[in-house]
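Novice: In this note's numbering, the protein residues as written are 42 to 471. Just so you know, even glycine gets a beta-carbon here, dropped at the ideal spot from N, CA and C. What you are looking at is a predicted structure, and each value in this text was computed from that prediction instead of being measured.
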Ligand SMILES: NC(=O)c1ccc[n+]([C@@H]2O[C@H](COP(=O)([O-])OP(=O)(O)OC[C@H]3O[C@@H](n4cnc5c(N)ncnc54)[C@H](O)[C@@H]3O)[C@@H](O)[C@H]2O)c1
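In structure tokens:
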């Protein structure tokens with residue numbers, strides 16, 4: 042309030058003896074003024090009491106920001122999506138279900154007869170219309186995606202009240218390494234606060250679900266060992282994204298230790314394929330090559346080509362399903378641990394790194410267009426020059442065996458890209 046207004050108001054209040062009309066010179070209020078005072082106080086207290094009654098647990102229908110959930114029809118959709126179609130099936134809450142990996146995992150589980158419910162906040166980190174298209178595909182297979190944020194504890198609690206999930210496949214996150222320099226808080230919101238909120242709800246659920254969640258190969262950061270093994274150092278993250286995933290692994294340890302939650306972390310290595318993420322190089326290279334734009338090709342120190350252990354989506358899905366199927370039950374109940382619970386971490390990669398120039402060569406061949414390239418020194422923005430997974434542990438314990446090489450996987454991606462976005466040269470539909 043500007044000082045002049047402040048002063049004028051103060052003077053007025055002093056002159057009138059305050060808001061409740063006590064005359065400046067009188068020693069006591071009139072009976073009607075006192076009655077008015079007590080009536081107003083009572084109404085205010087009743088108002089606060091009723092507001093308190095409706096907020097903590099479960100309003101019938103809640104509107105939070107742009108999200109709306111609750112009510113009998115909504116609950117019916119939630120239950121229906123979780124119906125089992127096979128004996129001994131599992132009932133899974135998939136977070137980030139409208140995302141690239143989440144949509145594929147949800148479909149794979151549903152197709153084999155498991156109960157699947159998705160949750161996603163449909164944020165605009167990349168084109169949300171792609172998330173809506175994935176949602177439509179899932180809907181056609183009977184999967185309902187609840188629109189909401191994993192930080193919304195009322196919503197998560199409500200979901201666990203409606204359905205006793207046996208498993209959570211946690212894939213919602215702020216992905217991307219470079220974006221962390223633009224919007225660091227989004228990583229704290231989704232990858233740290235969101236993860237803690239999810240674990241809080243899971244630890245209180247009865248029964249507690251087993252949790253499988255996506256960490257990342259980026260936790261290896263400045264690790265010099267090659268290939269990367271789960272035993273290598275992960276205390277030198279090169280980006281805030283990597284640091285948020287490393288923090289997630291530490292937080293997972295805590296919830297396993299205190300509350301007996303069964304938790305499996307999966308370190309994915311550069312996942313690609315149909316319905317992929319537009320912020321990833323293979324995806325925007327395809328778009329830019331088709332539109333005749335120059336693509337940047339980064340080189341590491343000493344002009345060494347950057348290389349990635351590109352892993353095809355179907356292989357990652359098999360790894361996720363393998364992790365869900367081998368997950369032991371959580372041991373806690375009533376927020377208390379009843380015994381030691383499973384805590385695991387696995388690399389899910391392809392075990393054969395491919396350089397970025399080779400990736401571009403394959404795309405040129407598939408698209409039948411020569412790329413315009415600009416070779417640049419890799420900026421210091423959190424990217425690492427090289428990734429290579431050792432998947433011995435996942436192969437022994439999850440039966441994980443990647444089978445798709447980059448040329449085969451990119452062929453499937455390009456086929457999908459052209460069918461989704463249309464003929465070359467045309468601007469992708471919004
Ligand atoms: N794709 C890869 O190459 C790769 C590599 C390593 C790790 N990962 C991890 O795998 C997981 C899935 O990645 P993806 O490639 O499918 O990414 P994605 O961005 O396509 O999917 C994540 C989904 O989570 C949703 N989301 C984000 N924050 C949310 C929140 N607070 N509440 C609710 N929903 C939220 C987004 O809207 C998005 O649909 C992520 O945890 C990611 O960090 C991916």
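#1: What's the call for residue 461, buried or exposed, on a 16-neighbour Cβ count within 10 Å?
#2: Quick check: the Cα distance between residue 435 and residue 115, rounded to an integer number of angstroms?
#3: Given that a residue counts as buried once 16 or more other Cβ atoms are within 10 Å of its Cβ, and exposed if not, what is residue 417?
#4: Looking at residue 285 and residue 233, is the spacing between their C-beta atoms short of 8 Å?
#5: Return yes when the C-beta of residue 178 is under 7 Å from any heavy atom of ligand 1, and no when it is not.
#6: Quick check on residue 360: does DSSP put it in helix, strand or coil?
#7: Grab me the residues of residue 401's own chain with a C-beta within less than 6 Å of its C-beta, minus the 5 sequence neighbours each way, in chain order.
#8: If you measure from the CB of residue 327, is any heavy atom of ligand 1 nearer than 7 Å?
#9: On the CB-based measure, 16 or more other CB atoms within 10 Å of its CB, does residue 437 come out buried or exposed?
#10: To the nearest angstrom, how far is it from the Cα of residue 317 to the Cα of residue 172?
#11: Helix, strand or coil: which one does DSSP assign to residue 8?
#12: Runs of 4 residues minimum, wholly inside the stretch 189-255: which ones carry the alpha helix (DSSP H) assignment?
#13: Pull the bridge partners of residue 458 from the DSSP assignment, please.
#14: So, do the stretch 367-376 and the stretch 289-305 have three or more beta carbon pairs nearer to each other than 8 Å?
#15: Which class does residue 110 belong to by DSSP, given the choice of helix, strand or coil?
#16: Residue 348: beta carbon under 7 Å from a heavy atom of ligand 1?
#17: Starting from the N-terminal side, write out each stretch of the alpha helix (DSSP H) that is 4 residues or longer and does not extend beyond the stretch 290-344.
#18: Does residue 348 come out as helix, strand or coil in the three-state DSSP assignment?
#19: Would you list the residues sitting across from residue 160 in a DSSP beta bridge?
#20: With distance defined between alpha-carbon atoms, name the residue in 439, 270 and 139 nearest to residue 168.
#21: Using the C-alpha atoms, what's the distance from residue 384 back to residue 101?
#22: Inspect the CB distances between the stretch 158-168 and the stretch 182-194 and report whether three or more fall short of 8 Å.
#23: Could you pull the start and end residues of the beta strand (DSSP E) that residue 415 belongs to?
#24: What first and last residue would you give for the alpha helix (DSSP H) that runs through residue 181?
#25: Classify residue 152 as buried or exposed, calling it buried when 16 or more other Cβ atoms lie within 10 Å of its own Cβ.
#26: Between residue 440 and the rest of its own chain, which residues show a CB-CB distance below 6 Å, the 5 nearest in sequence each way excluded?
#27: Report the option in 426, 442 and 414 whose CA atom is closest to the CA atom of residue 392.
#28: Tell me whether residue 397 is buried or exposed, calling it buried when 16 or more other Cβ atoms sit within 10 Å of its Cβ.
#29: Using 8 Å as the threshold, is the stretch 274-294 in touch with the stretch 349-364, meaning 3 or more CB pairs across them?
#30: If residue 419 and residue 347 are in contact, beta carbons under 8 Å, what's the gap, nearest whole angstrom?
#31: Is it true that the CB of residue 259 sits closer than 8 Å to the CB of residue 283?
#32: Please indicate yes or no: does the CB of residue 261 lie closer than 7 Å to some heavy atom of ligand 1?
#33: Given the structure, does residue 226 come close to ligand 1, in the sense that its CB is under 7 Å from one of the ligand's heavy atoms?
#34: Once DSSP output is grouped into helix, strand and coil, what is the label at residue 63?
#35: Helix, strand or coil: how does DSSP classify residue 368 here?
Specialist: The answer reads as follows:
#1: Within the chain shown, the letter at position 420 stands for residue 461. So residue 461 ends up on the exposed side.
#2: Translated into the one-based positions of the chain shown, residue 435 becomes position 394. Translated into the one-based positions of the chain shown, residue 115 becomes position 74. Each residue's alpha carbon lies about 38 Å from the other.
#3: As a position in the chain shown, residue 417 is number 376, starting the count at 1. Residue 417 comes out exposed.
#4: Here the question's residue 233 lines up with position 192 in the chain shown. Here the question's residue 285 lines up with position 244 in the chain shown. Contact flag set, yes.
#5: For the purposes of this step, residue 178 is taken as the residue at position 137 of the chain shown. Answer for residue 178: no, Cβ out of range of ligand 1.
#6: Position 319 of the chain shown, counted from the start, is the residue given in the question as residue 360. Looking at residue 360 - three-state DSSP - the assignment turns out to be helix.
#7: Translated into positions along the chain shown, residue 401 becomes position 360. Once the five neighbours on either side are set aside, the close Cβ partners of residue 401 are 412.
#8: For the purposes of this step, residue 327 is taken as residue 286 along the chain shown, with counting starting at 1. Not under cutoff, so the answer is no.
#9: Within the chain shown, residue 437 is the residue found at index 396, counting from 1. The residue in question, residue 437, is exposed, as its Cβ has fewer than 16 Cβ neighbours within 10 Å.
#10: One-based indexing of the chain shown puts residue 317 at position 276. One-based indexing of the chain shown puts residue 172 at position 131. Rounded to whole angstroms, residue 317 to residue 172 spans 10 Å at the Cα level.
#11: With the chain covering 42 to 471 only, the question about residue 8 has no answer from this structure.
#12: 194-203, 225-228 and 235-245
#13: The residue labelled residue 458 in the question sits at position 417 within the chain shown. Beta-bridge pairing links residue 458 to no other residue.
#14: These segments touch.
#15: As a first step, residue 110 is located in the chain shown; it is residue number 69 there, counting from the start. Three-state DSSP puts residue 110 in a strand.
#16: Against the chain shown, residue 348 aligns to sequence position 307. No - ligand 1 has no heavy atom lying nearer than 7 Å to the Cβ of residue 348.
#17: 322-331
#18: Position 307 of the chain shown holds residue 348. Residue 348: strand per DSSP, three-state reduction.
#19: Here residue 160 is taken as the residue at index 119 of the chain shown, counted from 1. 136 and 187, per the DSSP bridge assignment.
#20: Taking the chain shown and counting its residues from 1, one reaches residue 168 at position 127. Of 439, 270 and 139, the residue nearest in Cα terms is 139.
#21: For this step, residue 101 is matched to residue 60 along the chain shown. For this step, residue 384 is matched to residue 343 along the chain shown. For residue 101, the predicted structure reports a pLDDT of 46, less than 50, and the residue's modelled location is therefore unreliable. A value from the coordinates is still provided. Taking the straight line from one Cα to the other gives about 37 Å.
#22: Verdict: yes, contact present.
#23: Residue mapping note: residue 415 aligns to position 374 of the chain shown, counting from 1. Its beta strand (DSSP E) spans residues 413-418.
#24: One-based indexing of the chain shown puts residue 181 at position 140. Its alpha helix (DSSP H) spans residues 169-181.
#25: In the chain shown, counting from the first residue as 1, residue 152 sits at position 111. So residue 152 ends up on the exposed side.
#26: Position 399 of the chain shown, counting from 1, holds the residue named residue 440. So the list reads 363, once near-sequence residues are dropped.
#27: Indexing the chain shown from 1 puts residue 392 at position 351. Taking only the C-alpha atoms, the option nearest residue 392 is 442.
#28: Taking the chain shown and counting its residues from 1, the one referred to as residue 397 is at position 356. Per the 10 Å Cβ criterion, buried.
#29: no
#30: Reading the chain shown from its first residue, position 378 is the one you call residue 419. Reading the chain shown from its first residue, position 306 is the one you call residue 347. In this structure residue 419 is in contact with residue 347, their Cβ atoms being roughly 6 Å apart against a cut-off of 8 Å.
#31: Here residue 283 corresponds to residue number 242 of the chain shown, with the count starting at 1. Here residue 259 corresponds to residue number 218 of the chain shown, with the count starting at 1. In terms of Cβ geometry, residue 283 and residue 259 form a close pair [threshold 8 Å].
#32: Locating residue 261 in the chain shown gives position 220, counting from the first residue. Not under cutoff, so the answer is no.
#33: What you label residue 226 is simply residue 185 of the chain shown in a count that begins at 1. No, since every heavy atom of ligand 1 falls outside the 7 Å radius drawn around the Cβ of residue 226.
#34: Position 22 of the chain shown, counted from the first residue, corresponds to residue 63. For residue 63, the predicted structure reports a pLDDT of 30, less than 50, and the residue's modelled location is therefore unreliable. A value from the coordinates is still provided. Note: residue 63 maps to coil in three-state DSSP.
#35: Translated into the one-based positions of the chain shown, residue 368 becomes position 327. In the structure shown, residue 368 sits in coil (DSSP, three-state: anything other than H, G, I, E or B).
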